[in-house]
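Respectively, the protein sequence lines represent chains A and G.
Mapping of the first sequence onto the working numbering: residues 1 to 293, in sequence order.
Mapping of the second sequence onto the working numbering: residues 1001 to 1292, in sequence order.
Shown next, in C-alpha cells, is the structure this report addresses.
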Amino acid sequence: MTVTATRAPVEPARTEHAATRANPLRFVILGALLALLLIVIAPLLIIAINAVKSPADYAGGGPLSLPTHLYWDGIVDFWNRVNFGQKLWNSFITSFVVAVLGVLLSILNAYALGIGKVRGRLWFLVFFLVANLLPQEVLVYPLYFLSKEVQLYDSLISIVIIFTVIQAAFGTYLLTSVYQEFPTELLDAADVDGAGKVRTLWSVVVPVSRPTLGVLFTFFFIWTWNEFFLPLVFLVSNDNQTVPVALGVLQGDRLMDATMTSASGLIGILPALIFFLVFQRTLTRGITAGAIK
Amino acid sequence: MRRKGYWPFLIPGVLASLLVIVVPLVMTVYTSFTKWNGVGEQRWIGFDNYTRLFEDSLFWSSFSNILLLILAMAVVPTLLGLFLAAVLFDYVAKKFGNRWASLFRSGFYLPQIIPVAVTGILWGWILHPEYGALNRILDTIGLGSLAHNWLGEPGSALYSVMGIMIWVQLGYPIVMFMAGLQRVDPELYEAADLDGANWWQRFRKITVYLIRPEFYVVLVTTTISALKIFGPIFVLTGGGPSNATLVPSYFAYKNFFEKAQVGYGSAISTVLTVLIIVLSFAFLRLQNRSLK
C-alpha cells in the first residue's frame, strides 16, 4: 500500500531458507501482529458501524452488533445541525491558503539562506528552529490581544496569517538544508544566461525542487487542517469554525446521543482519511525526509 | 561567496516572523512580570508570578502529569515502535512479503492522521460510563466488575489518557524506523546470520545501532509534543476530574481565558517554553556527540 522504496533485495536467497525452516512460529508472530493491528483499528471500526446504525437498532443490539440495516439519518442530521458543509469549506480554504503562502514564504527564506548564504544565516536558522519549538501557548494571548486591536479576531484571515508564519518556520528550516545542496552548475548556467535572481528562483530553483515543495505543501495542508488550539481561541462564532473546532466543542453536548456521536466522529475522520489516501506517497516520503515536528 | 545581495528575499519572512512570533513572545515574557486581567492596566510586580508559581501545587502536579505523558507519548511508543518496526522490516517483509509489512505500517499509522478533536470524540464515546463500548464489552465477557468511568474518575483518568496517547503515537516511530532501516546494508544481516547470530542479537547489535539517528529524532519530537500537549486533554477530560489530568499548556489556557489571570498564565507558558528550548538544545548536543 505505502511506498516501498526498496523491495528487499535479499528475497530470492531467503525463500529457500524460509521453506526449510517453515515453522509454526511465523504464524504465531503474524497472528500476534494481526491481533495488535485489530486492537489499533478497532476504535475506528466501532465508530464506523455505529455511525450507520439507527438509535433503536443501537438500543437493541448495543455498540458491537452489526447494523441490521444502513441508517444514514444520524449522519445527515448531524451534518445539517452543525452546518458541516460550511465547516468543511472553512477548513479547506484556510488549509489551502496557508499551504500555498507557507510554501511561498519558505521558498523566499530558504533562497536567501540556503543559496544566497546571507550574512548571519546561522542565527536566522537558529531563530527558525526555536520558532518551531515554541509552544503556541506562549504566543496565544498577545496574538489574541493584537488581533482584537486590528479587528481580525474571529476571522479566518488571522488564522491564515498566523499559521502561514508558523508553518513557514518549519519549511524554511527544512528547505534551507535542501537548497544548501543545490547544484551550483545550474545556478552558474542561469548566471551565464544573464538571468536575475528572481528569474533564477522561479525558472531554475523552484522547478528543480518541486518534489520537496510538494511534500511541504502536503504537510502544511494537513497540519493546518488538524490544528486545534489557536482556531479554538480565535474562531468563536459558529460560521467561522473549522472542522476540528466544531467537533471539539460539541463534545459532551447533551443533545448528542451515542449514534449521532459516532456519526460526528465518522464524518470527522473521512476528510483526514481521504487526504491520507491521496497524499500517501508524498506523506510517507516526507515524514522521513525532515522530521522535526 | 560570490553570491551576494540575496537579503531582500528575507524581508517578507523577517517582517512576518516579527509580527507573529517575536513580538508576541516578547509581550508574553514581559506580561509574565506583571499583574494583568487582559483589559485594564498592566502593573509590574517583578518575580511575584514566578514565586507564586513555584509554590502552586497545581503547577507541580501539572508537571508530574507531563512526566507520565512523556512516558506514554515518547518512551513507550519509541521502544515498542522500534521493536515492531524491526519485526516488520526484518521478519514480516522477508517471510511474508513487503505487502504485509506495508499493510501493517499503514494500519498502525492510521491513528496519527485523525484530527485530535475526533480522537476525543472517538475515545470519549468508547470510554463513556453509560453507553461506552468498553464497559459494554467488559460486561459481555463477564468482567463487568472492571467497568469504570474511565475518564471521569481521578484515579483512572490520567492512565486512560496515557493509554489513548500510546494508541495515537505508536505509528509515527514505526514509520520513521522502517524508513531508517532501508539504509541498512542487507549484507550486514547476512554476515550476522553466517556468524550464527539469532534474531534478538541482530536486533540489538545491528538494528538498534544503525538507526540511532532516527531514534534520537523520534524521541526528541515525541517528547516535545508531550510537553506541548493541549488538544487531547481539552477534548478528553478538560484537565479534570479535579485536576487529575491537568497539564501546563491547559493550565496556562485556563489562566488566560477562564480566570483572566493573564500575568500568571504568561509565567506558566514562559516556564514551559524555556524548558522545551533547553531540553531540545541539550538533546541536540547529545545527539551530535553520540553520532560522531
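Every residue, glycine too, gets a C-beta built ideally from N, C-alpha and C.
A distance below 8 Å separates the beta carbons of GLN1042 of chain G and THR1034 of chain G. Contact between the stretch 223-235 of chain A and the stretch 152-165 of chain A is present: 3 or more CB-CB pairs across the two stretches fall below 8 Å.
Look at the stretch 1023-1102 of chain G and you find these whole runs of alpha helix (DSSP H), each 4 residues long or longer: 1023-1031, 1048-1055, 1057-1070 and 1076-1087. Relative to the Cα of ILE1174 of chain G, the nearest Cα in the group G:ALA1101, G:PHE1251, G:GLY1038 and G:MET1162 belongs to G:ALA1101. Distances from the alpha-carbon of ALA1117 of chain G to those of A:PHE279, A:PHE276, A:VAL245 and A:ILE267 put A:VAL245 closest. Membership of PHE221 of chain A in the alpha helix (DSSP H) is indicated by the continuous run 210-226. Under a criterion of Cβ atoms nearer than 8 Å, no residue of chain A is adjacent to LEU1146 of chain G; the nearest Cβ is some 17 Å distant. Around PHE1063 of chain G, no beta-carbon contact reaches into chain A at under 9 Å, the shortest distance being about 14 Å. For SER264 of chain A, the closest alpha carbon among the candidates G:GLU1258, G:TRP1007 and G:TRP1123 is that of G:TRP1123. Within 10 angstroms of the beta-carbon of SER1064 of chain G lie fewer than 16 other beta-carbons, which makes it exposed. Measuring C-alpha to C-alpha distances from LEU1069 of chain G to each of G:VAL1014, G:PHE1177 and G:LEU1227 identifies G:LEU1227 as the nearest. The beta carbon of SER155 of chain A sits no closer than 8 Å to any beta carbon of chain G. The count of Cβ pairs closer than 8 Å, one atom from the stretch 158-173 of chain A and one from the stretch 87-106 of chain A, reaches three, so the stretches are in contact. Cβ-Cβ distances below 6 Å link PHE217 of chain A to ALA99 and VAL103 in the same chain, with the five nearest sequence neighbours on each side left out; the list follows chain order. Here DSSP, grouped into helix, strand and coil, assigns ARG119 of chain A to coil. Annotation: the continuous alpha helix (DSSP H) that includes THR94 of chain A extends over 84-110. If you compare the alpha carbons of A:THR224, A:ALA258 and A:LEU230 with that of ILE1114 of chain G, the shortest gap goes to A:THR224. By the beta-carbon neighbour count (other beta carbons within 10 angstroms, threshold 16), HIS69 of chain A is exposed. It is roughly 36 Å from the alpha-carbon of ALA35 of chain A to the alpha-carbon of SER1061 of chain G. Contact with chain A is found for VAL1118 of chain G, since one of that chain's Cβ atoms lies less than 8 Å from the residue's Cβ.
Exposure of THR184 of chain A is indicated by the presence of fewer than 16 other C-beta atoms within 10 angstroms of its C-beta.
A distance below 8 Å separates the beta carbons of ALA48 of chain A and LEU266 of chain A.
Residue-level contact check: ILE1166 of chain G does not touch chain A, since none of the beta carbons of chain A fall below 8 Å from its beta carbon. The beta-carbon of VAL1184 of chain G is placed no less than 8 Å from the nearest beta-carbon of chain A.
Under a 10 Å Cβ-count criterion, PHE1047 of chain G is classified as exposed, with fewer than 16 other Cβ atoms of the shown protein chains found around its own Cβ. Per DSSP, reduced to three states, the secondary structure at TYR1006 of chain G is coil, with no helix or strand assignment. Interface annotation, MET1073 of chain G: not in contact with chain A, CB-CB separation never under 8 Å.
If the five residues before and after LEU201 of chain A are omitted, its C-beta is found closer than 7 Å to the C-beta atoms of TYR111, all from its own chain and listed in chain order. Neighbours of MET1162 of chain G in chain A, taken as residues whose beta carbon is under 9 Å from its own, are absent, since the nearest beta carbon is some 16 Å off.
Look at the stretch 1205-1223 of chain G: the residues with a C-beta under 9 Å from a C-beta of chain A are GLU1214, VAL1217, VAL1218, VAL1220 and THR1221. Selection G:GLY1107, G:GLY1163 and G:LEU1194 evaluated against LEU45 of chain A yields G:GLY1107 as nearest (Cα-Cα). Counting only Cβ-Cβ distances below 7 Å, ASN226 of chain A has contacts in chain G at PRO1115 and VAL1116, in chain order.
Rounded to whole angstroms, the separation of the alpha carbons of GLY120 of chain A and GLY1152 of chain G is 52 Å. Taking the C-beta atoms as reference points, ALA1252 of chain G is found no nearer than 8 Å to SER1032 of chain G. Assignment of ARG1183 of chain G by DSSP, reduced to helix, strand and coil, places it in the coil class. Burial is judged here by how many other beta carbons sit within 10 angstroms of a residue's own beta carbon; ASN240 of chain A has at least 16 and is buried.
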